[in-house]
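Residue numbers (my numbering): 30 to 159.
See below:
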């Protein structure tokens, strides 16, 4: 097994273990949040839409699913930071910052508290990678 594949397997396992402990932060909860907040731009299943790119190829483009970068991006959007993708800004997603926080392991000696809705969206995005 290559290092990259092993890291991806470990990351999926770690996020899956988190989701198993908290059904509100797993891919099913993330799918519902995606349908409510993201489908209008990113299309059904995250395959791209009128205002947003295809999200199913993140792992392929990055050589594995970049969980920390995805969490950072979602967390930043949720905090109202303006980030441009193809000159279109993400809409305000600060409502994702409400509710419970949970600790997310980001690798050896690294972790942080993240709203479970952001964790759920990340778990969903990881689950739809091709």
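Glycine included, every Cβ here is placed at the ideal spot set by N, Cα and C.
Cutoff 6 Å; reference residue 153; Cβ partners in own chain excluding five residues on either side: 56, 59, 60, 63
Using a Cβ-Cβ cutoff of less than 7 Å, which residues in the same chain neighbour residue 52 once the five nearest sequence positions on both sides are dropped? 58
Which value, in whole angstroms, describes the spacing of the CA atoms of residue 133 and residue 155? 15 Å
Going by C-alpha distance, which of 135, 137, 143 is nearest residue 127? 143
So, using beta-carbon positions, are residue 67 and residue 79 closer together than 8 Å? no
State yes or no: is the C-beta of residue 151 within less than 8 Å of the C-beta of residue 90? no
Please say whether residue 125 and residue 148 have beta carbons closer to each other than 8 Å? no
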